[in-house]
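In my numbering, the protein residues as written are 26 to 160.
Accompanying notes for the structure given below.
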């Protein structure tokens, strides 16, 4: 989880920094953090406008999946460690499709606006037989 926390520091988001690593056989095979897609500038007016930022940002879990895919790495049977917030239901769908078998997250608290998404995440991952646990 310490490595996921370090990866979160790479985010340029001024309000929340999220990091994710995928691990297999005790090796880190992919990383991701919340940020804009490759080639899209991290301009202050985009980062500081919450409504606009949400349209641009890719969540750490999906960035981890995309980075693995970009390098031809399978995430089948991996564990994802997520630092900063619990996994949202949109990322949960990507995690299921990528073949991840376990997700461990660390967050100080679950913000009220994330509660419904987190409940759906729990349902989705449970039905897909993916372990989801808080560190």
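For glycine and all other residues, C-beta sits at the position ideal for the given N, C-alpha and C.
Just so you know, these numbers come straight off a predicted model, no measurement behind them.
Straight-line Cα distance separating residue 68 from residue 57: Residue 57 sits at position 32 when you count from the first residue of the chain shown. Residue 68 sits at position 43 when you count from the first residue of the chain shown. Going by the C-alpha atoms only, they are around 20 Å apart.
Candidates 50, 81 and 31: closest to residue 11 by CA position: Residue 11 cannot be examined here, being either before or after the span of the chain that is shown, 26 to 160.
CA nearest to the CA of residue 128, picked from 156, 37, 26 and 102: Here the question's residue 128 lines up with position 103 in the chain shown. Residue nearest to residue 128 within the set 156, 37, 26 and 102 is 156 (criterion: CA-CA distance).
8 Å contact criterion, which residue 53 and residue 43 should meet: CB distance rounded: Here residue 53 refers to the residue found at position 28 when the chain shown is read from its first residue. Here residue 43 refers to the residue found at position 18 when the chain shown is read from its first residue. Taking 8 Å as the upper bound for CB-CB distance, residue 53 and residue 43 are not in contact here, some 16 Å apart.
Residue(s) in a DSSP beta bridge with residue 28: Along the chain shown, read from residue 1 onward, the residue named residue 28 stands at position 3. Looking at the DSSP assignment, residue 28 forms no beta bridge with any residue, so it has no partner.
Uninterrupted beta strand (DSSP E) stretches inside the segment 48-92 (no shorter than 3 residues): Whole beta strand (DSSP E) segments, 3+ residues: 52-58.
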